[in-house]
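Each residue of the sequence shown is one higher than the last, beginning at 4 in our numbering. Even glycine gets a Cβ: it sits at the ideal position worked out from N, Cα and C. Notes follow the structure.
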Amino acid sequence: MKDTLVEKPKTTTTKRPRRLRGAASRFGENLDVWAAYLSNEKADSEETTEGVVWKAVETLIDVSGADGCAVALADWGVEMLSERRNGDLVRKTSLRDTMAARGTIGHKALRTGVPQAVYEVGRDNVHHYPDLVRNGRYSSAACFPLGHRGRSLGVLTFLYHKPRRLERRDKDLGVILAHSMALAIDNSLLVSEGKQNRLLTVQALIRSLEAKDSETSYHSLRVTQHSTVLAEEMGLSPRQVEAVQYGATLHDLGKIGVLGPILNKKGKLDEDELAVIRRHPVIGARIVENVDYLSAAVPVIRHHHERWDGEGYPDGLRGGKIPLGARIVSIPDFYDALTMSRPYRAAYSHEKAVRMVRERIGTAFDPDIAKIFLSIQEGWKNPAQ
Ligand SMILES: [Fe+2]
Numbered sequence: 004m005k006d007t008l009v010e011k012p013k014t015t016t017t018k019r020p021r022r023l024r025g026a027a028s029r030f031g032e033n034l035d036v037w038a039a040y041l042s043n044e045k046a047d048s049e050e051t052t053e054g055v056v057w058k059a060v061e062t063l064i065d066v067s068g069a070d071g072c073a074v075a076l077a078d079w080g081v082e083m084l085s086e087r088r089n090g091d092l093v094r095k096t097s098l099r100d101t102m103a104a105r106g107t108i109g110h111k112a113l114r115t116g117v118p119q120a121v122y123e124v125g126r127d128n129v130h131h132y133p134d135l136v137r138n139g140r141y142s143s144a145a146c147f148p149l150g151h152r153g154r155s156l157g158v159l160t161f162l163y164h165k166p167r168r169l170e171r172r173d174k175d176l177g178v179i180l181a182h183s184m185a186l187a188i189d190n191s192l193l194v195s196e197g198k199q200n201r202l203l204t205v206q207a208l209i210r211s212l213e214a215k216d217s218e219t220s221y222h223s224l225r226v227t228q229h230s231t232v233l234a235e236e237m238g239l240s241p242r243q244v245e246a247v248q249y250g251a252t253l254h255d256l257g258k259i260g261v262l263g264p265i266l267n268k269k270g271k272l273d274e275d276e277l278a279v280i281r282r283h284p285v286i287g288a289r290i291v292e293n294v295d296y297l298s299a300a301v302p303v304i305r306h307h308h309e310r311w312d313g314e315g316y317p318d319g320l321r322g323g324k325i326p327l328g329a330r331i332v333s334i335p336d337f338y339d340a341l342t343m344s345r346p347y348r349a350a351y352s353h354e355k356a357v358r359m360v361r362e363r364i365g366t367a368f369d370p371d372i373a374k375i376f377l378s379i380q381e382g383w384k385n386p387a388q
């Protein structure tokens, strides 16, 4: 399973304005904080794996009294480090150069299943240390393997600026912390993989349309990508974003109920043919209405051709009465359809399609959402800005 995490191009630093409870003097002193984290984590199934790891390493800084706490996820090849700096916690991310890579003590811990500790990193000429550790001027490091159900998920590392020897009790506690953290990560990965499999099933469904209209499945993928970015930019919850994704992927599924000659007609459609085409949102919604995990996508599918001014179809809904997901998907759907070549016309340029979206703000499209869509398009055109 891959996540958006692996797309991050380089090391990033994010400062989080959070007051610390004060450095713990003993390893494992604030175990109640960790217990509270774990019980919250169980209740929050919407959290991404990335979010689970960040929360865990930041909580473990309080619990361990370490100056830095990092998790290297082996499959993703990413290190997520949280460290104390002037009373705040700072996040750093590194790709590939991690404590789970070959030649590190983390890799040794991962390979043997036995925790590894180094008293003075600067004097260790045997093992490799990632730049995140070297640049943080850490003296001591302790690595615990993150394993669960026979899976080696990665390595949990505690880092200290002053040389520090971990006692037997510290190591025993570290094993327990790493085990419970591996459980939380593994649960999160299972949820993510389940979601990913469902999305692939949905995409397979839309490919069944290819026999009738070869462009539809590619169109659906592009509309899904643009709609997802738009929904995330609007600050929607992960569950709302997921509904938009499913709705965007399946918005034209109902075209399976429209005859191929009408879908691929080169000339202009007559009134009867238009009436047939306009049935596709209702047909699509009916096909999936009894699929439990697609229930939130049904309004998106049914209403993606409604217009802000009430002149759309199938129900002529107006303004805020149009479901939010449908108001979102309708914009990338319109934009992408214009940039595709169709049997009856050549593809429009990006500039012309964007201009046509702008001209329909407040008539076809929700003004607030359309403006966000246009600002995203502008950003993609000028990535340096
Ligand atoms: Fe459509």
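Straight-line Cα distance separating residue j from residue i
i	j	result
residue 160	residue 199	29 angstroms
residue 350	residue 51	38 angstroms
residue 152	residue 59	20 angstroms
residue 379	residue 233	8 angstroms
residue 24	residue 305	In this prediction, residue 24 has a pLDDT of 47, which is less than 50 and means its spatial position is unreliable; what the coordinates show is noted afterwards. Going by the C-alpha atoms only, they are around 51 angstroms apart.
residue 328	residue 282	19 angstroms
residue 97	residue 81	6 angstroms
residue 346	residue 225	19 angstroms
residue 342	residue 273	23 angstroms
residue 363	residue 253	24 angstroms
residue 258	residue 218	12 angstroms
residue 227	residue 275	30 angstroms
residue 256	residue 196	24 angstroms
residue 27	residue 38	The predicted model places residue 27 with a pLDDT of 45, which falls under 50 and marks its position as unreliable; any figure quoted below should be read in that light. Taking the straight line joining both Cα atoms gives about 16 angstroms.
residue 56	residue 76	9 angstroms
residue 277	residue 262	12 angstroms
residue 188	residue 71	19 angstroms
residue 365	residue 374	10 angstroms
residue 209	residue 201	13 angstroms
residue 230	residue 331	7 angstroms
residue 184	residue 295	31 angstroms
residue 140	residue 223	49 angstroms
residue 69	residue 91	13 angstroms
residue 240	residue 177	34 angstroms
residue 191	residue 64	21 angstroms
residue 61	residue 88	13 angstroms
residue 371	residue 238	13 angstroms
residue 265	residue 360	26 angstroms
residue 193	residue 312	43 angstroms
residue 174	residue 145	9 angstroms
residue 236	residue 242	14 angstroms
residue 428	residue 114	The structure shown has nothing for residue 428, since the chain only spans 4 to 388.
residue 150	residue 129	25 angstroms
residue 95	residue 85	6 angstroms
residue 290	residue 203	17 angstroms
residue 260	residue 314	23 angstroms
residue 381	residue 367	20 angstroms
residue 344	residue 280	18 angstroms
residue 126	residue 108	14 angstroms
residue 53	residue 79	11 angstroms
Rounded Cβ spacing between residue i and residue j (contact assumed at less than 8 angstroms)
i	j	result
residue 148	residue 112	5 angstroms
residue 83	residue 93	The pair is not a contact, with the Cβ atoms about 12 angstroms apart (cut-off 8 angstroms).
residue 142	residue 164	6 angstroms
residue 309	residue 334	Residue 309 to residue 334, Cβ: 12 angstroms. No contact.
residue 186	residue 66	Contact doesn't hold; Cβ gap of about 16 angstroms is too wide.
residue 157	residue 131	Not really, about 16 angstroms apart at Cβ, beyond 8 angstroms.
Going along the chain, which residues put their C-beta within less than 7 angstroms of some heavy atom in ligand 1?
254, 255, 283, 284, 307, 308 and 336
So, does the region 116 to 130 touch the region 165 to 176, judging by three or more C-beta pairs under 8 angstroms?
yes
Segment contact flag, the region 282 to 293 with the region 336 to 346, C-beta cutoff 8 angstroms, min 3 pairs:
no
Specify whether the region 291 to 302 and the region 242 to 250 touch according to this definition: at least 3 beta carbon pairs, one from each stretch, less than 8 angstroms apart.
yes
Validate contact between the region 99 to 113 and the region 130 to 146 using beta carbons, cut 8 angstroms, 3 pairs
yes
Inspect the CB distances between the region 311 to 329 and the region 265 to 275 and report whether three or more fall short of 8 angstroms.
no
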